[in-house]
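Novice: I'd like to ask you about the structure that follows.
Residue numbers (this note's numbering): 6 to 308.
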């Protein structure tokens, strides 16, 4: 247009960001101080850490932690599917019952639930199996049935079921109802529609929070130390109660938790990228890109 000066961008310079350099220098100084503290402070007792990090007794605690995580997540996922279906049901009784379950278990702390299950004998000295309000077929002492492992599975698994129910329900509701209507118009059965149409699309929204729940469950297993279950944290506590080497043993526990959660993070990233294929949004960031501080590339715009 006439009247406007010509703009020559050949000599344009990049925009400077001095605050970025200031923030980077501050972070580098803090990182150097942290490294200096870890290396020069003898109270960390790294020789004790290296001694116990591969100890057999620590390995047994790690195994118990992993076993409890797998069992509790399995119970939580199965319950979550049933509760999500109940919450989406047209039956008002089932919808109300599932909603009440989710309300109670999400509204009370996991630690309280663990202690309650462990002390169930105060409420029910004997557990039995039989006809409701009728004869009993099998009965046993509650203290013999509710072992620390079973109390931990019940406390963690039932609580996880409430959270998984909301995750699965949200994933199923994210699918456009038009997809189901189109599949029904093509003559597909409800089961096939759910398996071939609804579930693959819902998994893109279910997998990321489920992976986060698995990692949270792994860390939540440390709560079972209050009921004397020999998981990783309880094993570490039993050692430093004898040796009084509290900080080195806690570092051993942190190392193992970090190793396991890192492995879970890698698996989660692969599963997310698998279910994100064909989606309009950009694929999730890989674990290696996260570690190397690699920025996400913006999605390519095709003309």
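Quick reminder that beta carbons are idealized off the backbone N, C-alpha and C, glycines included.
When burial is assigned at 16 or more other CB atoms within 10 Å of the CB, is residue 103 buried or exposed?
Specialist: Buried, since its Cβ has 16 or more Cβ neighbours within 10 Å.
Novice: What are the complete alpha helix (DSSP H) segments, minimum 4 residues, inside the segment 30–117?
Specialist: DSSP runs (the alpha helix (DSSP H)) wholly in the segment 30–117: 51–57, 61–92 and 97–112.
Novice: Could you compute how far the alpha carbon of residue 170 sits from the alpha carbon of residue 109?
Specialist: Taking the straight line joining both Cα atoms gives about 13 Å.
Novice: Measuring alpha carbon to alpha carbon, tell me which of 57, 23 and 41 ends up nearest residue 237.
Specialist: Looking at the Cα atoms, 57 is the closest of the given residues.
Novice: Hey, could you find the ends of the alpha helix (DSSP H) residue 134 is sitting in?
Specialist: Where residue 134 is concerned, there is no enclosing alpha helix (DSSP H), although the beta strand (DSSP E) it sits in stretches over 131–135.
Novice: What three-state label does DSSP hand residue 144 in the structure shown?
Specialist: Correct three-state label for residue 144: strand.
Novice: Say the cut is 7 Å; is the CB of residue 165 nearer than that to a heavy atom of the ligand HEM?
Specialist: Ligands in the displayed structure: none, and consequently the ligand HEM is not present.
Novice: CA-CA distance, residue 51 and residue 173?
Specialist: Their backbone Cα atoms lie some 44 Å apart in a straight line.
Novice: Does DSSP put residue 124 in a helix, a strand or coil?
Specialist: In the structure shown, residue 124 sits in coil (DSSP, three-state: anything other than H, G, I, E or B).
Novice: Comparing C-alpha positions only, which one of 99, 76 and 77 sits nearest to residue 87?
Specialist: The candidate whose alpha carbon is nearest that of residue 87 is 99.
Novice: Using DSSP with H/G/I as helix, E/B as strand and the rest coil, what is residue 250?
Specialist: Residue 250: coil per DSSP, three-state reduction.
Novice: In this structure, how does DSSP classify residue 159 when only helix, strand and coil are distinguished?
Specialist: Of the three classes helix, strand and coil, the one that applies to residue 159 here is helix, per DSSP.
Novice: What is the DSSP secondary structure of residue 138, reduced to helix, strand or coil?
Specialist: In this structure, residue 138 counts as coil in the three-state DSSP scheme.
Novice: Alpha carbon to alpha carbon, how far is residue 168 from residue 77? Give it in angstroms, no decimals.
Specialist: Cα to Cα, the separation comes out at about 12 Å.
Novice: Is there at least one Cβ from chain C nearer than 8 Å to residue 254's Cβ?
Specialist: The structure shown contains no chain C; it holds only a single protein chain.
Novice: Using only alpha-carbon positions, find the residue among 228, 62, 235 and 155 that is nearest to residue 114.
Specialist: Answer by Cα proximity: 228.
Novice: Between the segment 149–162 and the segment 114–132, do at least 3 Cβ pairs fall closer than 8 Å?
Specialist: With a cut-off of 8 Å, the segment 114–132 and the segment 149–162 count as touching, because enough Cβ pairs lie within range.
Novice: Which residue comes first and which comes last in the alpha helix (DSSP H) that contains residue 329?
Specialist: This structure cannot speak to residue 329, because the chain is shown only from 6 to 308.
Novice: Does residue 21 come out as helix, strand or coil in the three-state DSSP assignment?
Specialist: Residue 21 falls in the coil class under three-state DSSP.
Novice: Between residue 126 and the rest of its own chain, which residues show a CB-CB distance below 6 Å, the 5 nearest in sequence each way excluded?
Specialist: Within the same chain, residue 126 has close Cβ partners 147 and 148.
Novice: Comparing C-alpha positions only, which one of 243, 207 and 62 sits nearest to residue 178?
Specialist: Taking only the C-alpha atoms, the option nearest residue 178 is 207.
Novice: Would you kindly report the start and end of the unbroken alpha helix (DSSP H) that includes residue 185?
Specialist: Per DSSP, residue 185 belongs to the alpha helix (DSSP H) from 182–190.
Novice: Between the alpha carbons of residue 204 and residue 218, how many angstroms are there, rounded?
Specialist: Going by the C-alpha atoms only, they are around 19 Å apart.
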